[in-house]
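Read the structure below first, then the notes.
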Amino acid sequence: MGNQCCGNQPINRDANEQAFSQAIPVRLQQKLKPESQRFHQVLISSGENDKKDIFSNERQQDFILNLKPYSHLATNDSVVVSIRVVCHDYSYKDELDWYIDESVIIDPNCFETSLMRVIDKKTGNKYTLRVINFNDYEDYEFKQALYQIYIMQLIGNKYKNLISLHDCYILENEDKEYSKGSIILLMEYCDSTLHEIISFRKFHNWQWTSDEIRHVFGELAQALGQLEQLNITHRDLRPHNIWYCSLSKTYKIGGFEEAKFIKKAQTLHNQLSLNNLGINIQQENEELLNTIRGVPDYLPPEVQKYVDASGAQTVGRYNPFLSDVYQLGLNILMMDQLEVNFESTELRNVVRKLNNQRAGSRGTSNDYHDVLKLMLVGDESSRLTPAELSLFTKSYLSEIPINEDNLVESMKYKKKYAGIESTKVYQLIAVAYYDLFEWEKWLEKMEEILVTYENDKDDFHAAEVLFDIANGFIDINNLTSAQDYFMKASILYNEIGHQLREQNKLNEALDNYERALDCIRKAHNGDDSYEGALLLENLSNGYRLQGNLARARSFLEEACRITEQEKGSDSLEFAKMSINLGKVHSLLGDYKHALKRVKKGLRITEGHASGNQNLQQSMLSYNNQNQQLQNQALLLKAQGLTMLGEIQRLKGSLGKAKKNIEEALSIREKLQGSGNLEVASTIEVLGNVYFEMEDYHQAKSSYEKALVIKKSKLGENHVEVALTLNNIGNSCKHLEEYDKSQKFFADALVILKQSQSGDDHPLVATTYGNLGILLKQIGNIQSAQQCLTKCIQILDKTLPKNHPDSLFYREQLQEIQQ
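Per the numbering used here, the very first residue in the sequence shown carries number 1; after that it's consecutive.
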């Protein structure tokens, strides 16, 4: 049961706010202003728990958040939040760790943060992602986010009806002008909010049954009871903060931005001390002193009286746990009434009537309306506590969970269909304006279509609209505007190509790269450009992954020519293209041209990196612009040394190869960290050298290290993972671990078959060839012959007849046939 509150006058948190007492009155549907005085300061610990590495872009950091007390008799309290800090020069979107599953979840009271449904591109798992941007560690947004993490870490992941936090980290992007960094919160996937569901049901007159409401009521009441047991009060229970999760078929409480942890044991100790001093406990009970948080419409009567007309921050004496009960009651009432708008006269009348009633008998009732009366009663002392509510509604829980999946799918379909239909209408109108030579109105409608696709995160159709606008400007001879829109379209097509390539959808990736290249050429009136060279390089990489090495070489030779012309023969851009072309020559078995290209690239990088004699000192001043250019040259040098070492290995110079690759690995690990994808590739090339040295244990160890990094960065089913599995299988074969070897070869083939690389890929051929040699060693001659024959057939289609791989596997097949 609750406690009586004393006094009706609000306690001002900040005397300066008095000056704004004549400000615009606060809207009852709008969240109150940020609690500016809630948090005192943030300290960064420098203890043993802070793991730092000047060569790594990640560290574990302890933040000490000091909380300001509400009473002058209380002392400052503090909480410690340990969190990863990742330093990059891009924002959370630029890193492309996530596919945005749907548009941002809209909460009119949380515009300062981004909340979206996302899919992890590596695992396919779905999450809800909240992003809080900040400029400084002393910003209110940063402190509030830290405290929210603290609350969610207290909750953990063992409560069925409370949203759990899967991961969180700070992304520092100091090179971004608009923001120093972002706090990323990765939470359970929310299919829909209660606000969205009530709105949809109201529109379609789709009422819940009494049993369905009782079940949801029971779930949320249990969650509220669990929060009280954890000494956590929510303080902002609204339909936007109640989420439906289809994976568990449950409604859950989320949105802990305004939540607060209350140390009840400490408060009791303070009360006893005050008693001994003869001080009135009721007046100095800090547990009852709380800031007024949330949206005024959802506050109970005993709290609404403290709301300042200007929205200034105030403190009132009330029990926040009983306020949570009242707010949950309003949410259940909204479900019952199918109403989310407090401007509804009918809803306001129901709430007013319940506020003014006398409390009924306390106890379990099958009619949830009886329990609602005890939650929404205006007299705080007569209201149910969370523990009582949890007990009285436990019987409401059904053995069969409520299933809103069909409704959620209908919502998604309706939303998508409505968007498609509106764009079709806009397109017809735009064409009509164009035919009537109404260029401004045509552009206005096309821009409206573009905004629709951008809001839906439909990059492909957005790119098509940009392309159509550009062509329209060509027709009316506005070449400057046409160039601008062609460039915008090329950027989108290129990004789509990157995403598809990472998903192993190589054919679709190449199509989008071709579209991007077409846009670039039109933007430059068919003339060569460095942007075009970069797209030619992307096309080359795509064809290389497909195994079409001849075409990859052709595109890259053209990219080299243009880059030398546009950037100069001593530029790092040309050095990079030259080294990449050397790699393709090497894959084709043309080691002479490969060496020539790689050495040319290395000579250029040496000139740019020569000013950086001390690599350690280089890292300490990494943010310096000149230093960054030198580090870029060093990384390019590492790429060239790796490629040089690989060619030397293929030509039999194993000592030189090992030395060059180890130098490359040292540079990469210091500048990029041990978990970088390029580091994995370098480790794998070093493994190839160990393999040729017949140190199969060391080779296998290197391949296994590379595999761990590749899987973490690319996922389980990428072509690059198949390459490493093939190498591990080959090592196991020489170590006479035949069962393991056969499994690795089989796993590699499964990945390659599922990808769009197709059967005609050199890696498919070498995997079949290695499997054939293994089968030959264990005496399965017939299967060995079939595998080697398949290998030769593919190599004949993809590589020159005199390629070393073709000659090697043909020799193995001839031995069997003889």
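Idealized CB from N, CA, C, for every residue including glycine. This structure is a prediction, so every number in the text was calculated from the model and none was measured.
query                                                                                                              : result
According to DSSP, residues forming a beta bridge with leucine 443                                                 : None, per the DSSP bridge assignment.
Distance, methionine 446 Cα to glutamate 662 Cα                                                                    : 55 Å
Assumed close pair glycine 589, proline 800 - CB separation to whole angstroms, cut-off 8 Å                        : 6 Å
7 Å CB neighbourhood of glutamine 754 in its chain, flanking five on each side removed                             : Asn717
6 Å CB neighbourhood of leucine 534 in its chain, flanking five on each side removed                               : none
Outcome for glycine 568 when other beta-carbon atoms lying within 10 angstroms are tallied against a minimum of 16 : exposed
Helix, strand or coil at glutamate 58 according to DSSP, with G and I counted as helix                             : strand
Nearest-angstrom Cα separation, counted from leucine 714 out to glutamine 499                                      : 11 Å
Rounded separation between tyrosine 809 and lysine 740 - CA only                                                   : 22 Å
Nearest-angstrom beta carbon gap, alanine 784 and glycine 772 [assumed within contact, 8 Å]                        : 5 Å
Identity of the residues DSSP links to lysine 233 by a beta bridge                                                 : Correcting the residue identity first, residue 233 is threonine in this sequence and not lysine. Answer by DSSP bridge pairing, in chain order: Lys260.
With 16 other Cβ atoms within 10 Å as the buried cut-off, status of serine 395                                     : exposed
Through-space distance from tyrosine 127 to cysteine 190, alpha-carbon basis                                       : 7 Å
Proximity below 8 Å, CB of asparagine 403 to CB of lysine 583                                                      : no
Glycine 329 versus lysine 305: straight-line alpha-carbon distance, rounded                                        : 19 Å
Option nearest asparagine 319 by Cα separation, candidates Asn135, Leu299, Asn356 and Phe203                       : Leu299
Span of the beta strand (DSSP E), counted from its first residue to its last, around glutamate 172                 : 165-172
Alpha carbon of leucine 171 to alpha carbon of glutamate 514, nearest angstrom                                     : 34 Å
Isoleucine 520 burial status per 10 Å Cβ neighbour count (16 or more: buried)                                      : buried
Within 8 Å, strictly: CB atoms of arginine 668 and glutamate 678                                                   : yes
Isoleucine 709 versus glutamate 380: straight-line alpha-carbon distance, rounded                                  : 57 Å
Residues that DSSP places opposite methionine 116 in a beta bridge                                                 : Leu129
Segment contact flag, the region 472-482 with the region 450-459, C-beta cutoff 8 Å, min 3 pairs                   : no
Glycine 497: CB within 7 Å of a non-hydrogen atom of the ligand ATP                                                : Ligands in the displayed structure: none, and consequently the ligand ATP is not present.
Secondary structure, alpha helix (DSSP H): runs of 4+ residues fully inside the region 458-513                     : 459-475 and 479-502
Secondary structure of serine 246, DSSP reduced to three states                                                    : coil
Selection from Gln60, Arg544 and Ala559 that minimises the alpha carbon distance to aspartate 528                  : Ala559
Presumed contact (8 Å Cβ cut-off) between isoleucine 163 and glutamate 141, rounded CB distance                    : Rounded, the Cβ-Cβ distance is 20 Å, inconsistent with contact.
The region 147-163 touching the region 202-211, judged by at least three CB pairs closer than 8 Å                  : no
C-alpha distance - leucine 735 paired with aspartate 136, whole-angstrom precision                                 : 56 Å
N- and C-terminal bounds of the alpha helix (DSSP H) containing methionine 335                                     : 320-337
Integer-rounded CB distance, given that alanine 221 should sit under 8 Å from tyrosine 159                         : With a Cβ gap of about 13 Å, tyrosine 159 and alanine 221 do not count as contacting.
Option in Ser554, Thr393, Asp747 and Ile579 with minimal Cα separation from glycine 225                            : Thr393
Three-state secondary structure assigned by DSSP to aspartate 289                                                  : One detail in the question is off: residue 289 reads as leucine in this sequence, not aspartate. Strand, per DSSP.
Cβ shell of alanine 633 (< 7 Å), same chain only, five flanking positions each side left out                       : Leu572, Thr605, His608 and Ala609
Counted within 10 angstroms of its Cβ, other Cβ atoms place glutamine 639 as buried (16 or more) or exposed        : buried
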